[in-house]
Amino acid sequence: MNAPKKIAILGSTGSIGTQALDVIREQKDLLQVEVLTAHSNADLLIKQALEFKPNHVVIVDEGQYAKVKGALSKEDIKVFTGSKSIQDLMEITSADTVLTAMVGYSGLLPTIKAIENKKRIALANKETLVVAGALITELCNQHQVEIIPVDSEHSAIFQCLVGEDLTAIEHIILTASGGPFRGRKRDELSAVTKAQALKHPNWSMGAKITIDSATLMNKGLEVIEAKWLFGLQPEQIKTVVHPQSIIHSMVQFKDSSMKAQMGLPDMKLPIHYAFFYPERKSTSLPRMSFEQINQLTFEQPDIETFRNLALAYEALNKGGNMACILNAANEVAVEAFLHDKIGFLEIAELNEKCMQQVTFIPNPTLSDYIETDKETRSKAIELVNG
Ligand code: NDP
Ligand code: MG
């Protein structure tokens, strides 16, 4: 038997992280955990470390370090703290695959370090490609590193493209569930609450991506993510609302053939696929049955109401650091919405204002991206408090 694949999970206590550990639990002989990291959920991190026995764990929150260190003192596990230590670990871990399941901009620098150290990237953290897609793509080429997407739509496209020539793509179609407010108009959305926005019809996910799904920002971020993963032009990336979330996305080829990848909505499949690609292994995941699914429907997204999707295309067309601005503004806006500081419709308004007001840089370097993220956050916070 082959040696097990060695996996680092960045963000192991989150929605993707815990589902990745479910996948690993089912494939214990084939997958081995090397690294687990969390921001502040010490109790779950300790429990995971005791079960999966990684070589290294990181608890970013320094206030939780003593607790984690104490609880794992009898184990052969090194414990680190501080966000920089996730980057440093990428230099020393023997993991061959890094699952980036942290949320937001926090994924960028660890992913860069992982690429520089030639780790295969199983990418859940789409924000990394949104913020700095050009730079990440260049680094992957330079270090000959593959990114295998975990986002369900991109995993679907990736699966449709196995054995295909990328130049045969006419366009791709990302499917969107439409979120909890599908069909509503602006006047019906001004007073929606965070509890309503956090109720996603088909997927159970972390808070940030659940709000992004409700505003269609998530689909916008995915359009940008697709550009970099598959080397497409903005006009080659289309979206369609498909409320059942059974078709995970599609590719239209230039000979008129269209491929779709389907299945029940369950993130464990794309996670499993990314770990084992190019192989397919058996899983116990539930199978889709056409006796239970009697219709698949499609409609056009309403980008007048859900402005964020239009803003993502604007950012993509503008290039430079514009998507980085959009991402940072959106992270602040979502946080503010979750703390009842702004209303639902103000999320897109704030994003748009930041895109107009923050310094545009056509050919950003890494330090420009870092600076843009900072500048945008302070502008966005000013707008929230204004
Ligand atoms: P969660 O909020 O559930 O989990 C985030 C994880 O990252 C947790 O382990 C959290 O630790 C950790 N974390 C949070 N902030 C920081 C930080 N500043 N530094 C280091 N670690 C941090 O998110 P999800 O699992 O939902 O999403 C993770 C990523 O995957 C996102 O980029 C999302 O867009 C993407 N994704 C998620 C999908 C899903 O179904 N959930 C589907 C497709 C993509 P702690 O628990 O201690 O706070
Ligand atoms: Mg997705």
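Under the numbering used here, the residue at position 1 of the sequence shown is numbered 898, and the numbers go up by one with no gaps.
By construction, the Cβ of each residue, glycine as well, lies at the ideal position given by its N, Cα and C atoms.
Since this is a predicted model, take the numbers as computed values, not measurements.
Validate contact between the stretch 1246 to 1254 and the stretch 1217 to 1233 using beta carbons, cut 8 Å, 3 pairs: yes
For V995 and D1084, I'd like the C-alpha separation in whole angstroms. By one-based count along the sequence shown, residue 995 stands at place 98. By one-based count along the sequence shown, residue 1084 stands at place 187. Rounded to the nearest angstrom, the two C-alpha atoms are 43 Å apart.
Touching by the beta-carbon criterion (3+ pairs, under 8 Å), the stretch 1226 to 1245 and the stretch 1188 to 1199: no
Taking only three categories from DSSP, how would you classify Q1039? Position 142 of the sequence shown, counted from the first residue, corresponds to residue 1039. Three-state DSSP puts Q1039 in a helix.
Report the rounded CA-to-CA distance for H1051 versus E1119, giving the unit in angstroms. Numbered from its first residue, the sequence shown carries residue 1051 at position 154. Numbered from its first residue, the sequence shown carries residue 1119 at position 222. Those two C-alpha atoms are separated by around 8 Å.
Pairwise C-alpha distance: S1179 and D985: Mapped onto the sequence shown, residue 985 falls at position 88. Mapped onto the sequence shown, residue 1179 falls at position 282. Going from the Cα of D985 to the Cα of S1179 covers about 35 Å.
Measuring CA to CA, which of A1088, S1087, S1074 is closest to S1101? By 1-based counting over the sequence shown, the position of residue 1101 is 204. Checking every option, the nearest Cα to that of S1101 belongs to S1074.
DSSP state of K1271 mapped onto helix, strand, coil: Here residue 1271 is taken as the residue at index 374 of the sequence shown, counted from 1. The answer is helix: DSSP assigns K1271 an H, G or I state.
Answer yes or no: do V1000 and G911 have a C-beta to C-beta separation smaller than 9 Å? Mapped onto the sequence shown, residue 1000 falls at position 103. Mapped onto the sequence shown, residue 911 falls at position 14. Contact flag set, yes.
Any non-hydrogen atom of the ligand NDP within 8 Å of N1227 CB: Along the sequence shown, read from residue 1 onward, the residue named residue 1227 stands at position 330. No, since every heavy atom of the ligand NDP falls outside the 8 Å radius drawn around the Cβ of N1227.
Do G1076 and T997 have their beta-carbon atoms positioned less than 9 Å apart in this structure? If you number the sequence shown from 1, residue 997 lands on position 100. If you number the sequence shown from 1, residue 1076 lands on position 179. Going by C-beta atoms, T997 is not nearer than 9 Å to G1076.
How big is the Cα-Cα spacing for A1019 and I904? One-based indexing of the sequence shown puts residue 1019 at position 122. One-based indexing of the sequence shown puts residue 904 at position 7. Those two C-alpha atoms are separated by around 10 Å.
Going by DSSP in three states, M987 sits in which element: helix, strand or coil? As a working mapping, residue 987 is identified with position 90 in the sequence shown. Three-state DSSP puts M987 in a helix.
Under a Cβ-count criterion, where at least 16 other Cβ atoms within 10 Å of its own Cβ denotes burial, should N1218 be classed as buried or exposed? In the sequence shown, counting from the first residue as 1, residue 1218 sits at position 321. With 16 or more other Cβ atoms within 10 Å, it is buried.
Hey, L1063 and G1128 are a contact pair by Cβ (cut 8 Å); roughly how many whole angstroms apart? On the sequence shown, position 166 is the one that residue 1063 refers to. On the sequence shown, position 231 is the one that residue 1128 refers to. About 6 Å; that satisfies the 8 Å criterion.
Compute every distance between the C-beta of N1099 and the non-hydrogen atoms of the ligand MG, then say whether any falls below 8 Å. Mapped onto the sequence shown, residue 1099 falls at position 202. No, since every heavy atom of the ligand MG falls outside the 8 Å radius drawn around the Cβ of N1099.
Using a 10 Å radius around the Cβ and a threshold of 16 neighbouring Cβ atoms, would you call D926 buried or exposed? Within the sequence shown, the letter at position 29 stands for residue 926. That one is exposed.
Does any heavy atom of the ligand MG sit closer than 8 Å to the C-beta of N1014? Residue mapping note: residue 1014 aligns to position 117 of the sequence shown, counting from 1. Incorrect: N1014 has no Cβ contact closer than 8 Å to the ligand MG.
Report the rounded CA-to-CA distance for K981 versus I989, giving the unit in angstroms. Reading the sequence shown from its first residue, position 84 is the one you call residue 981. Reading the sequence shown from its first residue, position 92 is the one you call residue 989. Taking the straight line joining both Cα atoms gives about 13 Å.
Sequence-distant residues of its chain with Cβ nearer than 8 Å to T1202 (five each side left out): Position 305 of the sequence shown, counted from the first residue, corresponds to residue 1202. Contacts found: R1081, K1082, R1083, L1086.
Does the beta carbon of H936 fall short of 8 Å from some heavy atom of the ligand NDP? Position 39 of the sequence shown, counted from the start, is the residue given in the question as residue 936. Yes; taking the cut-off as 8 Å, the Cβ of H936 has a heavy atom of the ligand NDP nearer than that.
Look at K1156 and C1057 and say whether their C-beta atoms are less than 9 Å apart. On the sequence shown, position 259 is the one that residue 1156 refers to. On the sequence shown, position 160 is the one that residue 1057 refers to. Result yes, Cβ atoms of K1156 and C1057 sit closer than 9 Å.
For Q1041, count the other beta carbons within 10 Å of its own beta carbon; 16 or more makes it buried, fewer makes it exposed. Which is it? Here the question's residue 1041 lines up with position 144 in the sequence shown. By the 10 Å Cβ count, Q1041 comes out exposed.
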